[in-house]
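Protein chains in written order, with the working numbering: chain Z, 53 to 360; chain B, 53 to 360. Note that CB positions come from ideal geometry on N, CA and C, so glycine has one too.
There are 2 protein chains.
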Amino acid sequence: MNFSDELKTLKKQVQSEEELNVDLSGVDKIIISGMGGSGIVGNIFSEIYDRKPVTVVSDYHIPSFADGKTLFIAISYSGNTEETISSLEIAREKGCRVVAITSGGKIGATVDNKVLIPGGIQPRSALGYMLMPLLNTFLKPSSQERDAATAMIDAIDEDNSDMESLAREIWSGKLIPIILGFSPFKWVAYRWKTQFNENSKILAFSNYFPELNHNETMPYRGTYRKDEFKFIVIGHPENMRIEERIKWTSSLTSTPFHRVDVRGKYVLDTLFGLIHKGDYLTYHLAKLLNVDPTDVSLIEELKKKLSR
Amino acid sequence: MNFSDELKTLKKQVQSEEELNVDLSGVDKIIISGMGGSGIVGNIFSEIYDRKPVTVVSDYHIPSFADGKTLFIAISYSGNTEETISSLEIAREKGCRVVAITSGGKIGATVDNKVLIPGGIQPRSALGYMLMPLLNTFLKPSSQERDAATAMIDAIDEDNSDMESLAREIWSGKLIPIILGFSPFKWVAYRWKTQFNENSKILAFSNYFPELNHNETMPYRGTYRKDEFKFIVIGHPENMRIEERIKWTSSLTSTPFHRVDVRGKYVLDTLFGLIHKGDYLTYHLAKLLNVDPTDVSLIEELKKKLSR
């Protein structure tokens, strides 16, 4: 499957009705462990689910508070991520209730209680497969919400020329994107950053309102190299306090912000609309730069060196 | 007080024996709310204290799980931060146990249970005043640890020529720093980023091992503009798995990493040593760039526009 075909699987992914098979009685906190394209799933989830404390771990270890009342969710698309395997072992020792979302690998082989998702695509293209079981278990989206998400994704699959234009602008200026998000889609800004890194192979960074107004804003007036960056603000513009911040940050620093707004009816369609715009933006940029968006051979080489 | 004098107060700050006056029985989770130079205190704390779930909020709202068994800690140096005041009001409505660390302001005036810290310096220069009450309450550092931290800070106050050289290199190449950290000092890398932003007024970014190996690493081989960045790895080099990652990331991407190692005896002296090196680096860079490290007038202008 080429990368463009992978992107077109997302609209089906959000129709997944898979759930974690867990008894939540007595569970008072959740730890989600995952790295890269799998780890972001936990971060995005933690921003829209807040009825219990959710700690997202992207490292070898887990916090010492993990115990028998902790639900530990290992997310690894390949099932072979060394950090996630390490954290899973610690979670078992500490007596956590352990579940996994994976396409197989060692984690698929050793965790009984799991959601097995389809393999064969890039982990970062399987975000829907990995995220939906969390949403289905804890937030139970309706079929209307699911259908709205599919319709939103479908519309972006059909026409993403706005993202092609933006990619062309970044490409022609050899610009470094800074993606600025805000609640409840701060982590989608980080998702865009990582898609620029992996698909387009360029440096990119992310931050969010209102936190960035307390530090990162200072150099937006420009000490040096500011013009080499492209500032992109993404989100659903409905919070007037945040809109004021965006307006004044841009005007007081004379920094043009390129806005990418997605106005869904629900959180779900807005979320996946924002995600999918970033998928196409970074895909178009890869084509302009003549790099293969699926190529992550460096990460594979690194894993090989480390596994010796 | 000029900025250099502010930096020299840190060695006294770590001797603070202030504690939060709270009954921790029945508290099963902690929310720390703060922005910018105050918010980072919660992040740094959350990485070295992990016996209860700690959620750090840098926004207007707090998670819906907040309840009577939640300790809510508002940290605002000025005591007038609008986001922190908003989150504090929600915490009160939800019946959280509320405490504050502040030098005064509205938060100082309305929260009975608080640690009042000395005012009059930049919030980012008061990190020790704000962090020590958390450490004293939850981790109880010994006087040996405290003295080791003071000695570490004192040595850096005496000789920070290594940071002056590094500042000169960044200045002469007009480089954008990317600071890479690793556990348990990931958030110190973010602190350095914000110090570059506020003190030196330049763009800067941070990330951490092992997460960055799953995405950000890809462009380290260089698609464009890579040579305009300065990669700085900070931490206490003792974790061999992480050291392998650092070595192979650098070698497979042909990216020189400038290492800033601090080898304290304890977490406390290492932590403050790493923090203080970043303080001086960004201070020296400000001097070379001929910008005032204390000037954050833009952030003040923004607050004024928003408060109308």
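Residues bridged to D313(Z) [DSSP beta-bridge criterion]: G287(Z)
Using a 10 Å radius around the Cβ and a threshold of 16 neighbouring Cβ atoms, would you call G78(Z) buried or exposed? exposed
Chain B beta carbons: is any one of them nearer than 9 angstroms to that of M270(Z)? yes
Beta-carbon of V343(B) versus every beta-carbon of chain D: anything under 9 angstroms? Among the chains of the structure shown, chain D does not appear; the protein chains present are Z and B.
Using a Cβ-Cβ distance cut-off of 9 angstroms, determine whether L323(Z) contacts chain B. no
Environment of E145(Z) [buried if 16+ CB atoms lie within 10 Å]: exposed
Members of the stretch 275–294 of chain B that neighbour chain Z once the beta carbon cut-off is set at 8 angstroms: Residues of the stretch 275–294 of chain B that bring their beta carbon within less than 8 angstroms of a beta carbon in chain Z comprise T275, Y276, R277, K278, E280, F281, R293, in sequence order.
Would you say P289(B) and K278(B) are within 9 angstroms of each other, going by their C-beta atoms? For P289(B) and K278(B), no; Cβs fall outside 9 angstroms.
Residues that T246(Z) contacts on chain B, provided the C-beta gap is smaller than 7 angstroms: N267
Which one or two residues does DSSP pair with R149(Z) in a beta bridge? L123(Z)
Please list the segments of the alpha helix (DSSP H) lying wholly inside the stretch 197–229 of chain B, counting only runs of 4 or more residues, in order along the chain. 213–224
With 8 angstroms as the C-beta to C-beta threshold (strictly closer), list the residues of the stretch 86–101 of chain Z near chain B in chain order. M87, G88, G89, G91
Beta-bridge partners of K166(Z), as assigned by DSSP: A152(Z)
Quick check on R220(B): buried or exposed, where buried means 16 or more other Cβ atoms within 10 Å of its Cβ? Exposed, by the Cβ-count rule.
Determine, using beta carbons only, whether Y332(B) comes closer than 9 angstroms to chain Z. The Cβ of Y332(B) sits no closer than 9 angstroms to any Cβ of chain Z.
Helix, strand or coil for V66(B)? Go by DSSP, reduced to three states. Looking at V66(B) - three-state DSSP - the assignment turns out to be coil, as it is neither helix nor strand.
Measure from the alpha carbon of D313(B) to the alpha carbon of each residue in R360(B), F237(B), H266(B), V108(B), then state which is nearest. F237(B)
Comparing alpha-carbon positions, which option in V66(B), F117(B), G88(B) lies nearest D80(B)? F117(B)
So V319(B) is in the alpha helix (DSSP H); what residue range does that whole segment cover? Where V319(B) is concerned, the enclosing alpha helix (DSSP H) stretches over 319–341.
What residue range is occupied by the uninterrupted beta strand (DSSP E) comprising T107(B)? 106–109
Going by C-alpha to C-alpha distance, which of L304(Z), I142(Z), T307(Z), E71(Z) sits closest to G120(Z)? Selected option, being the one with the closest Cα: I142(Z).
Is the Cβ of H310(Z) closer than 9 angstroms to any Cβ of chain B? no
Closer than 8 angstroms by beta-carbon distance: list the chain B residues that pair up with V79(Z), in chain order. Ordered by position in chain B, no residue passes the 8 angstroms Cβ test against V79(Z), which lies about 12 angstroms from the chain.
Kindly indicate which residue of L123(B), F97(B), L76(B), Y335(B) has the alpha-carbon position closest to the one of P115(Z). F97(B)
For a quick check, are the C-beta atoms of S139(B) and H113(B) less than 9 angstroms apart? yes
Check whether the stretch 314–321 of chain Z and the stretch 196–203 of chain Z touch, using three or more Cβ-Cβ pairs below 8 angstroms as the test. yes
In angstroms with no decimal places, state the Cα-to-Cα distance between A256(Z) and K329(Z). 16 angstroms
Taking a cut of 9 angstroms between CB atoms, which residues from the stretch 142–173 of chain Z lie near chain B? none
According to DSSP, which residues form a beta bridge with N132(B)? For N132(B), which the question treats as bridged, DSSP gives no partner whatsoever.
Look at the alpha carbon of I153(B) and the alpha carbon of S306(Z), and state the distance between them as a whole number of angstroms. Just so you know, the alpha carbons of I153(B) and S306(Z) end up roughly 35 angstroms apart.
State yes or no: is the beta carbon of V348(B) nearer than 9 angstroms to at least one beta carbon in chain Z? yes
To which residues of the same chain is T281(B) closer than 8 angstroms at the C-beta, ignoring the five residues directly before and after it? Residue identity differs from the one stated: residue 281(B) is Phe in this sequence, not Thr. Here the set comprises L227, I228, P229, I230.
Tell me, please, whether the CB atom of W239(B) is closer than 9 angstroms to any CB atom in chain Z? no
Hey, does Y112(Z) have any beta-carbon neighbour from chain B nearer than 9 angstroms? Yes, Y112(Z) counts as interfacial toward chain B.
Which of the three DSSP states, helix, strand or coil, is assigned to K81(B)? strand
Got a sec? Which residues, its chain only, sit under 6 angstroms from A338(B) by beta carbon, not counting five neighbours each side? N251, S252, P345
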